[in-house]
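Q: Going by this note's numbering, the first residue of the sequence shown is number 34, and it counts up by one from there. Beta carbons: idealized from backbone N, C-alpha and C, even for Gly. Predicted model only: the values in this text are computed from it and were never measured.
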Amino acid sequence: MVIVVFALSATPALLLLRAIWELPYTHEGARLLAVSAAALPAYLVFAFALMVLSAFATRLVGWRTPADVTLRIADLDPPLLAWVRSMVVFHVVRILAGSMFRASPMWSFYLRLNGARLGRRVFVNSLAVTDHNLLEFGDDVIIGDGAHVAGHTVEDGFLKTARVRLGRGVTIGVGSVVGIGVEAGPGCRVGALSVVPKFTSLDADATYVGAPVRKLGAQAPARRTEPTGAGH
Ligand SMILES: CC(C)(COP(=O)(O)OP(=O)(O)OC[C@H]1O[C@@H](n2cnc3c(N)ncnc32)[C@H](O)[C@@H]1OP(=O)(O)O)[C@@H](O)C(=O)NCCC(=O)NCCS
């Protein structure tokens, strides 16, 4: 499936290059120059097509992160394999398209197509945001460069998954790690290089920093509400 999607995504870009190659030129050097100049736009066309087609294809075949599960990796159950396949496809997309489109509205558009529930004006400047179908972000959420926000974790040979919910206006600082099951109230800020442990609830309009995070102005660590049965 990955190869078919790759080939379909490359087709418009290659057609574009061929059309430019076949234009009438008075000099061969001009032909070479024209095709060279079209290489970058053609690559962008390919990368965008890859984002769109891969999202539709994975939807079609049901390659998704299963919600709220604890699965032994060694068992290789079908939901686990669906997760692995979705991660492989996303890995290809983030390598070939992510570095050009991240932090742009096109990247948010791709995340939505891939199952994320995002509000308006959401900007994700990180390629370490995964398990899109388990993400729910309100309007004006900002994810900083290199922040890790995922709906899965792998611990002790088990895959564990849970939704991540960030309210309106939440900022996740550069290089931070947000664990599974985290819920952040509207207007909450997580400082750069901070760690929000799994199943932590962050208060609205509060600022959290550190590893693990503590609320600025409060002595106690952030609240955690790990569901019973989430461990093993
Ligand atoms: C957390 C943050 C929002 C706080 O900003 P602020 O409200 O202006 O607070 P201050 O800079 O005055 O810092 C308040 C305290 O928190 C500490 N602090 C700030 N950021 C911190 C961080 N990332 N980790 C640990 N401590 C931090 C400061 O040292 C200060 O401590 P003190 O009171 O003991 O002196 C900001 O420091 C930050 O990390 N922003 C990240 C922005 C970002 O990455 N955006 C992503 C898109 S670009």
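1. Measure the Cβ-Cβ separation of Thr204 and Ile175 and say whether it is below 9 Å.
2. Taking the Cβ atom as the reference point for each residue, do Leu146 and Val162 lie within a distance shorter than 9 Å?
3. Enumerate in chain order the residues of its own chain whose CB-to-CB distance from Gly264 is below 6 Å, with the five nearest sequence positions on each side excluded.
4. Do you know whose CA, among Arg196, Phe232, Ser42, lies nearest Val78's CA?
5. Nearest to Phe170 by alpha carbon, out of Val125, Leu192, Gly220?
6. On the premise that Leu168 lies in contact with Val126, defined as a C-beta separation below 8 Å, what is that separation, rounded to the nearest angstrom?
7. Pull up the DSSP beta-bridge partners for Tyr241, would you.
8. Under 9 Å, do Val207 and Val229 count as touching if we go by C-beta distance?
9. Who are the near neighbours of Phe39 in its chain, counting only those whose CB is closer than 8 Å to its CB and skipping five residues on each side?
10. What are the boundary residues of the alpha helix (DSSP H) that includes Val38?
11. Out of Leu48, Val223, Ser209, Phe191, which one is the CA nearest neighbour of Gly202?
12. In or out: Phe89 buried (at least 16 other Cβ within 10 Å) or exposed?
13. Cutting at 7 Å between CB atoms, please list the residues of its own chain near Arg64, excluding the five before and the five after it.
14. Taking 7 Å as the limit between beta carbons, can you name the residues of its chain near Asp101, skipping five residues before and five after?
15. One question on the structure: do Val197 and Ala244 come within less than 9 Å of each other, judged by their Cβ atoms?
16. According to DSSP, is Ser234 part of a helix, a strand, or is it coil?
17. If you draw a straight line from the alpha carbon of Arg51 to that of Arg135, how long is it in whole angstroms?
18. Hey, quick one: how far does the beta strand (DSSP E) through Arg198 stretch, first residue to last?
19. In the DSSP assignment, the beta strand (DSSP E) including Arg4 goes from what residue to what residue?
20. Any heavy atom of ligand 1 closer than 8 Å to the Cβ of Val242?
21. Locate the alpha helix (DSSP H) running through His124, then write down its first and last residues.
22. Leaving aside the five residues before and after Asp164 along the sequence, list all residues of the same chain whose C-beta is less than 6 Å from its C-beta, in chain order.
23. Are the beta-carbon atoms belonging to Asp172 and Val155 less than 9 Å from one another?
24. Could you pull the DSSP bridge partners for Ile176 from this structure?
25. Sorted by chain position, which residues of the same chain lie with C-beta nearer than 8 Å to Glu259's C-beta, five sequence neighbours on each side aside?
A: So, to answer that:
1. Taking 9 Å as the Cβ cut-off, Thr204 and Ile175 qualify as a contacting pair.
2. Cβ distance not < 9 Å, so Leu146 and Val162 don't count as in contact.
3. Any reading at Gly264 needs caution, since the residue's pLDDT is 49, under 50, leaving its predicted position unreliable; the model's value is listed next. Cβ neighbours of Gly264 beyond the five flanking positions: none.
4. Among Arg196, Phe232, Ser42, the Cα nearest to that of Val78 belongs to Ser42.
5. That would be Gly220, whose Cα lies nearest to the Cα of Phe170.
6. The distance from the Cβ of Val126 to that of Leu168 is about 16 Å, inconsistent with a contact at the 8 Å cut-off.
7. Beta-bridge annotation (DSSP): Tyr241 is paired with Val223, Lys248.
8. Not closer than 9 Å, so no.
9. Leu83, Val125.
10. Where Val38 is concerned, the enclosing alpha helix (DSSP H) stretches over 35-54.
11. The shortest C-alpha separation from Gly202 is found at Val223.
12. Exposed is the call here.
13. Result list for Arg64: Trp54, Tyr58, in chain order.
14. Close CB contacts of Asp101 within its chain, under the 7 Å cut and outside five residues either way in sequence, are with Thr194, Ala195 (chain order).
15. At a Cβ-Cβ threshold of 9 Å, Val197 and Ala244 do not count as neighbours.
16. Looking at Ser234 - three-state DSSP - the assignment turns out to be strand.
17. Each residue's Cα considered, the two are about 29 Å apart.
18. Residues 197-199.
19. The question about residue 4 has no answer here: the residues shown for the chain are numbered 34 through 265.
20. Indeed, a heavy atom of ligand 1 lies less than 8 Å from the Cβ.
21. Counted as a single uninterrupted DSSP element, the alpha helix (DSSP H) harbouring His124 occupies residues 111-126.
22. The residues are Thr98, Ala183, Gly184, His185.
23. Closer than 9 Å, so yes.
24. In the DSSP output, where bridge partners are listed per residue, Ile176 has Val157, Ile205.
25. Excluding positions up to five away in sequence, the list reads Gly214, Lys231, Phe232.
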